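Sequential numbering of the sequence shown, starting at 1145, is according to our numbering.
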Amino acid sequence: MPRTRRPVRACAEEDEMLLRTGMHNAQRSWPVGWWATCSFVSSAMLSISCGLDATSPPPVTGPAELGLALRVTASPDVLPRDGVSTARVMVEARNARNRPIAGLGLRAEMVVDGVIADVGQLSSKMAATDPDGRAHLTYTAPPGSEADDVDDGKDIVTISVMPIGDDYANAVGRVAHIRLVPPGVVRPPAGTPHVEFTVSPTTPEEGDLVQLDASASRDCPADPTSPADCTSAASLETFDWLFGDGASGTGPRVTHHYAKAGGYVITLTITNDRGRSASATQTIEVQKAEEG
């Protein structure tokens, strides 16, 4: 009876099945020659697969900077262009294990529109980290000019910090950004006006022309100690009068006629250019006109 040769894959599958079930080739109905052929092929395949050499990863190599993490911050990050305002720049260096790196040399530059430029001033352009892995610099804003009165949001100085090494061309800077804004007009705190006015005549009769004058009023600083501290009237904007009989008027000097005798409370309210107001009152007695 001729031998029946089965494909190698079929032989391997049958051989694996017999090995798993523990069956001996004598208990199977396959011809002995076929079993020998399958066993030979499977053994050969097993020998080939087991003969492969074990592989191992290559050693880790690369630039040391991959294990360095630099963090740069600036606070505050918005400064007026006044020549005196400052921001604190902090640099923090850590290694691959997140531990501080002490004694790391650093170089700092000011960059505007991608170009190194001295816009403002750094306390130092060279620094080294302390035992906590930190270095501190101070940035001072430049003085402003009339050309800087418009804020378009694009006046930004970048503080770039690089570790000092042996390959400057390939060093990567870490940065913090500071926005410069116009200084504006800084005005002192506003005070309230000192209100003072005169009435003439002081005891008018019905129908008399009464003159009211507030030219002695002055604007005051935020914390005046006496009326003598209130020296300027230029910032007084509005003068609003209530004559006490239902009528009103405006301006530093006004006149009024009282039709009937009686007591009237005159109120003057003055508002300055900062929106602060103050009031003062006087009472006058209008006499009955003499019959003539």
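C-beta: ideal position from N, C-alpha, C; glycine also.
Since the model is a prediction, treat every value here as computed from it, not as a measurement.
Q.
Please report the distance separating the alpha-carbon of I1308 from that of S1379.
A. As a first step, residue 1308 must be located in the sequence shown, where it is residue number 164. As a first step, residue 1379 must be located in the sequence shown, where it is residue number 235. Spanning the two alpha carbons is a distance of roughly 58 angstroms.
Q) For the beta strand (DSSP E) that contains H1401, what are its first and last residues? A) Within the sequence shown, the letter at position 257 stands for residue 1401. Counting along the chain, H1401 sits inside the beta strand (DSSP E) bounded by residues 1397 to 1401.
**Q.** DSSP-derived helix/strand/coil call for D1373
**A.** As a position in the sequence shown, residue 1373 is number 229, starting the count at 1. D1373 sits in a helix when the DSSP states are folded into three classes.
Q) Apart from the five residues just before and just after P1396, which ones in its own chain have a Cβ nearer than 6 angstroms to its Cβ? A) Against the sequence shown, residue 1396 aligns to sequence position 252. Same-chain partners within the cutoff: A1358, S1359, F1383.
(Q) Since R1241 and A1334 should fall inside the 8 angstroms C-beta cutoff, what is the C-beta to C-beta distance between them, to a whole number of angstroms? (A) Counting from one through the sequence shown, the residue named residue 1241 turns up at place 97. Counting from one through the sequence shown, the residue named residue 1334 turns up at place 190. R1241 to A1334, Cβ: 57 angstroms. No contact.
Q. Under 8 angstroms, do R1318 and R1215 count as touching if we go by C-beta distance?
A. Taking the sequence shown and counting its residues from 1, the one referred to as residue 1318 is at position 174. Taking the sequence shown and counting its residues from 1, the one referred to as residue 1215 is at position 71. Cβ atoms of R1318 and R1215: closer than 8 angstroms.
Q. Which word fits R1232, buried or exposed, when buried means at least 16 other C-beta atoms lie within 10 angstroms of its C-beta?
A. As a first step, residue 1232 is located in the sequence shown; it is residue number 88 there, counting from the start. R1232 should be labelled exposed.
Q. Can you tell which of R1251, D1257, V1256 has its C-alpha closest to the C-alpha of M1270?
A. Start at 1 with the first residue of the sequence shown, and residue 1270 comes out as number 126. Considering only R1251, D1257, V1256, the residue with the shortest C-alpha distance to M1270 is R1251.
Q) Hey, P1337 and C1364: beta-carbon distance below 8 angstroms or not? A) Taking the first residue of the sequence shown as position 1, residue 1337 is located at position 193. Taking the first residue of the sequence shown as position 1, residue 1364 is located at position 220. Taking a C-beta distance under 8 angstroms as the contact criterion, P1337 and C1364 qualify as a contact pair.
Q: Pick out whichever of D1226, A1261, N1239, T1217 has its Cα sitting closest to the Cα of A1279.
A: As a first step, residue 1279 must be located in the sequence shown, where it is residue number 135. Of D1226, A1261, N1239, T1217, the residue nearest in Cα terms is T1217.
Q) Can you tell me the Cα-Cα spacing of A1285 and V1339, whole angstroms? A) Indexing the sequence shown from 1 puts residue 1285 at position 141. Indexing the sequence shown from 1 puts residue 1339 at position 195. If you draw a straight line from the Cα of A1285 to the Cα of V1339, it is about 43 angstroms long.
Q | Outcome for A1237 when other beta-carbon atoms lying within 10 angstroms are tallied against a minimum of 16 | A | By one-based count along the sequence shown, residue 1237 stands at place 93. A1237 comes out buried.
(Q) If you reduce the DSSP assignment to three classes, tell me which class G1388 lands in. (A) Stepping through the sequence shown from its first residue, residue 1388 is reached at position 244. G1388: coil per DSSP, three-state reduction.
Q. Would G1406 pass as a contact of V1430 if the rule is Cβ separation under 8 angstroms?
A. Residue mapping note: residue 1406 aligns to position 262 of the sequence shown, counting from 1. Residue mapping note: residue 1430 aligns to position 286 of the sequence shown, counting from 1. The answer is yes: Cβ separation under 8 angstroms.
Q) Going by alpha carbons, who is nearest to V1305 out of K1298, A1320, D1299? A) Numbered from its first residue, the sequence shown carries residue 1305 at position 161. In terms of CA proximity to V1305, A1320 leads the group K1298, A1320, D1299.
Q) Rounded to a whole number of angstroms, what is the C-alpha to C-alpha distance between I1300 and V1325? A) By one-based count along the sequence shown, residue 1300 stands at place 156. By one-based count along the sequence shown, residue 1325 stands at place 181. Rounded to whole angstroms, I1300 to V1325 spans 9 angstroms at the Cα level.
Q | Residue from S1229, L1223, L1281 with nearest C-alpha to E1253 | A | Your numbering for residue 1253 matches position 109 in the sequence shown. Taking each of S1229, L1223, L1281 in turn and checking the Cα distance to E1253, the smallest one comes out for L1281.
Q. Candidates V1235, H1401, S1267, V1354: which alpha carbon is nearest P1275's?
A. Position 131 of the sequence shown, counting from 1, holds the residue named residue 1275. Ranking V1235, H1401, S1267, V1354 by Cα distance to P1275 puts V1235 first.
(Q) Here's the rule: buried if 16 or more other CB atoms are within 10 angstroms of the residue's CB, otherwise exposed. What is I1451? (A) No answer is possible for residue 1451: the residues shown for the chain start at 1145 and end at 1436.
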